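Q: Just so you know, full-length UniProt numbering puts 95 at position 95 of the sequence shown, and the rest follows in order with no gaps.
Each residue gets a CB set at the ideal place from its N, CA and C atoms; glycine is no exception.
Just so you know, these numbers come straight off a predicted model, no measurement behind them.
Here's a structure for you.
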Amino acid sequence: MPRDPHIDKERPAAKPRAAAARGSAAQVRGPNLSARRVALDLLHSVLRRHRPFDESLAAHSTWPGLSPRDRAFVRLLVATTLRRLGQIDAILAQCLDKPLTPKASAAEGALRLGVCQLLFLETPAHAAVTETIDALPRAAGAYRGLVNAVLRRVAQEGPALLETAPEIPTNLPDWLWQGWNAAYGEETARAVAVQHLREPPLDLTVKHPAEQSLWAERLGARLLPNGSLRLQDAGVVENLPGFAEGAWWVQDAAAALPARLLRGIAGMKVLDLCAAPGGKTLQLAAAGAQVTAIDRSADRLARVSQNLARTGLTATCIAVDAFNWRPPEPVDAVLLDAPCSATGTIRRHPDLPWIKRPAELAELPLLQRRLLNAAIQMTRPGGVIVYAVCSLEPAEGEDLIARAIEEAAPIERIRIGEGADELAELGAPPESITRAGALRTLPCHWSDQGGMDGFYAVRLRRR
Numbered sequence: 001m002p003r004d005p006h007i008d009k010e011r012p013a014a015k016p017r018a019a020a021a022r023g024s025a026a027q028v029r030g031p032n033l034s035a036r037r038v039a040l041d042l043l044h045s046v047l048r049r050h051r052p053f054d055e056s057l058a059a060h061s062t063w064p065g066l067s068p069r070d071r072a073f074v075r076l077l078v079a080t081t082l083r084r085l086g087q088i089d090a091i092l093a094q095c096l097d098k099p100l101t102p103k104a105s106a107a108e109g110a111l112r113l114g115v116c117q118l119l120f121l122e123t124p125a126h127a128a129v130t131e132t133i134d135a136l137p138r139a140a141g142a143y144r145g146l147v148n149a150v151l152r153r154v155a156q157e158g159p160a161l162l163e164t165a166p167e168i169p170t171n172l173p174d175w176l177w178q179g180w181n182a183a184y185g186e187e188t189a190r191a192v193a194v195q196h197l198r199e200p201p202l203d204l205t206v207k208h209p210a211e212q213s214l215w216a217e218r219l220g221a222r223l224l225p226n227g228s229l230r231l232q233d234a235g236v237v238e239n240l241p242g243f244a245e246g247a248w249w250v251q252d253a254a255a256a257l258p259a260r261l262l263r264g265i266a267g268m269k270v271l272d273l274c275a276a277p278g279g280k281t282l283q284l285a286a287a288g289a290q291v292t293a294i295d296r297s298a299d300r301l302a303r304v305s306q307n308l309a310r311t312g313l314t315a316t317c318i319a320v321d322a323f324n325w326r327p328p329e330p331v332d333a334v335l336l337d338a339p340c341s342a343t344g345t346i347r348r349h350p351d352l353p354w355i356k357r358p359a360e361l362a363e364l365p366l367l368q369r370r371l372l373n374a375a376i377q378m379t380r381p382g383g384v385i386v387y388a389v390c391s392l393e394p395a396e397g398e399d400l401i402a403r404a405i406e407e408a409a410p411i412e413r414i415r416i417g418e419g420a421d422e423l424a425e426l427g428a429p430p431e432s433i434t435r436a437g438a439l440r441t442l443p444c445h446w447s448d449q450g451g452m453d454g455f456y457a458v459r460l461r462r463r
């Protein structure tokens, strides 16, 4: 299945944030040469090999040897370069007489990283230019002069060059921008794209809802309307109070909403399909359900087991393909968080716009529909199914469900928010409840509080 980079997973906390607009970032000074060389390798892995940023980090041999300070710099530098790639390339196009050839990929990467440091991270010019050039591999030595000349020009003319490259829609592939315009209108699409340029905060889900205020105070976190805790610049997750005792887990506020659509599940048999890395499994178990977590990846499912052990929660984990597996008897409820394009998580995964392709996205609804059919077969008549995707693409959400119902799938909608009590309990932004009674969060929701991931979720009854 396609990679599903849900933010439920335990991950490093937010690093120092890149400027949302030029001039607002803290200065980043003096990381050693190996840090910039690692950044160059990672950028090449993402943009040339189309390998996800997180996977590229995990596979890099030098990464474990970097100091915490240099790791923070590398993450910030590469992530900001990917967020601002359209602007950076537009500026480079003005400074080059002709496009660089594929043989000059290392030089192109160094130019991109250099421009990012000069214009978006406010790195001192001597470090951004000299140390970036020194990070070039020996085979790219013939381009040192070119890289030096271009970066020095950018250092001198940066503000003027930046004015010619607007943030929106320059920093998005055209096919993605046009799709959001068609789905949400230009104003909303622009608000979404702006939010993607900002480093996201860290959200936590507390195991016991009654302790949310307690942990908000202990962690210095903001308590969001849905009960999630939000931290800015939290540092290393494992060092935070409450991690070792399993009092909470990392989970974006939007990702915490779909599981809450299954109400009153204490004692019920519930399946969590495509469960890894397990944030929603933990939610269901904490709500008292008898949970079975299904995922085709044994390695990813091991993360679920680790999180269950840390939090002291219980669920059965089965590594199997959901297409070929059925429970001994139909269950009361199924949560299907289907593999998807993950375009709702671009603010956390700025590599996604540059490694995804329209043709790949076009194939996903077929996979998702097959999984929905499997979920229906696993659910008893009268049971409840929640279908969710962290995608902004209607083809993976609204359109897919509408077509399934039109084609006489044995399901019917259970509208969200029919009663005021559910809306208050759910705590979602009011504007995220659609006319059809589904949930559609957008990154621009709660923008004054740091935004949220984009999710679609619908609650269905098995007829």
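1) Could you check the C-alpha separation between GLY158 and LEU77 for me, to the nearest Å?
2) Apart from the five residues just before and just after ALA183, which ones in its own chain have a Cβ nearer than 7 Å to its Cβ?
3) Identify, in the order they occur along the chain, each residue of the same chain with its Cβ nearer than 6 Å to the Cβ of THR188, setting aside the five sequence neighbours on each side.
4) Restricting to runs no shorter than 3 residues, where is the beta strand (DSSP E) found entirely within the segment 299–371?
5) For the alpha helix (DSSP H) that contains LEU119, what are its first and last residues?
6) Residues in the same chain with beta-carbon distance under 8 Å from ASN181, minus the five sequence neighbours each way, listed in chain order, please.
7) Could you tell me the distance, in whole angstroms, from the CA atom of VAL38 to the CA atom of LEU426?
8) Which class does GLY382 belong to by DSSP, given the choice of helix, strand or coil?
9) Between the Cα of VAL194 and those of LEU442, LEU460 and ARG69, spot the shortest distance and give me the residue it belongs to.
10) Any idea which residues DSSP pairs ARG413 with across the strands?
11) Closer than 7 Å by C-beta to GLN377: which residues in its own chain qualify, once you throw out the five before and the five after it? Chain order, please.
12) Tell me, please, which residues DSSP counts as bridged to THR290.
13) What separation, rounded to the nearest whole angstrom, lies between the Cα atoms of ALA259 and VAL386?
14) Please check the pair ALA424 and GLU398, which I expect to be a contact at CB under 8 Å, by giving their CB distance rounded to whole angstroms.
15) Is it true that the CB of LEU336 sits closer than 9 Å to the CB of CYS274?
16) Does TRP63 come out as helix, strand or coil in the three-state DSSP assignment?
17) Does DSSP classify TRP175 as helix, strand or coil?
18) For ARG112, count neighbouring Cβ atoms within 10 angstroms of its own Cβ and tell me buried if that reaches 16, exposed if not.
19) Counting C-beta neighbours from all protein chains within 10 Å, is the total for VAL320 16 or more, i.e. buried, or is it exposed?
20) Once the 5 residues before and after ARG380 are set aside, which same chain residues still bring their CB inside 6 Å of it?
21) Going by DSSP, what residue range makes up the alpha helix (DSSP H) through LEU219?
22) Would you grab the beta carbon distance between ALA289 and ALA266 for me? Rounded to a whole angstrom, and I think it's under 8 Å.
23) How many whole angstroms separate the CB atoms of ILE133 and ALA110, which I take to be in contact at a CB cut-off of 8 Å?
24) Determine the DSSP secondary structure at ALA93, reduced to helix, strand or coil.
25) Nearest-angstrom Cα distance between GLN449 and TYR143?
26) Tell me which same chain residues have a C-beta within less than 8 Å of the C-beta of GLY23, skipping the five on either side of it?
27) Is it true that the segment 222–242 meets the segment 306–325, where meeting means three or more beta-carbon pairs spaced less than 8 Å apart?
28) Given a cut-off of 9 Å on the beta-carbon distance, is the pair CYS390 and ALA342 in contact?
29) With DSSP as the reference, label TRP249 as helix, strand or coil.
30) Compare the Cα-Cα distances from GLY417 to each of ALA59, VAL206 and ARG435 and report the closest residue.
31) Between the C-alpha atoms of GLU407 and TRP215, what's the straight-line distance to the nearest angstrom?
32) Which residues bound the beta strand (DSSP E) around VAL236?
33) So the candidates are GLY65, GLY86, PRO64 and SER34; which of them puts its Cα closest to the Cα of PRO350?
34) Can you list, in chain order, the residues of its chain whose CB lies under 6 Å from that of LEU125, leaving out five sequence neighbours each side?
35) Write down the C-beta distance between VAL129 and LEU146 rounded to the nearest angstrom, noting that I regard them as a contact closer than 8 Å.
36) Can you look up THR164 in the DSSP assignment and give me helix, strand or coil?
A: Let's see:
1) 18 Å
2) PRO394
3) none
4) 316–319 and 331–337
5) 105–119
6) ALA189
7) 43 Å
8) strand
9) LEU442
10) DSSP lists LEU460 as partners of ARG413.
11) ARG326
12) The identity of residue 290 in the sequence shown is Gln, whereas the question assumes Thr. LYS269, per the DSSP bridge assignment.
13) 8 Å
14) Actually they do not touch by this definition, with Cβ atoms about 25 Å apart.
15) yes
16) helix
17) helix
18) buried
19) Answer is exposed; the Cβ neighbour count stays below 16.
20) PRO330
21) 212–219
22) 7 Å
23) 7 Å
24) helix
25) 44 Å
26) Caution is warranted here: a pLDDT of 36 is assigned to GLY23, below 50, making its placement in the model unreliable, and no coordinate value can be reported.
27) no
28) In contact: CYS390 and ALA342 (Cβ atoms closer than 9 Å).
29) Looking at TRP249 - three-state DSSP - the assignment turns out to be strand.
30) ARG435
31) Approximately 47 Å, taken between the alpha carbons.
32) VAL236 -> no beta strand (DSSP E), and no H or E assigned at all.
33) GLY86
34) According to the sequence displayed, residue 125 carries Ala and not Leu. If we look at ALA125 and ignore the five residues flanking it on each side, its Cβ neighbours are ALA155.
35) Their Cβ separation, rounded to whole angstroms, is 12 Å, which puts VAL129 and LEU146 out of contact at 8 Å.
36) In the structure shown, THR164 adopts coil according to DSSP, grouped into three states.
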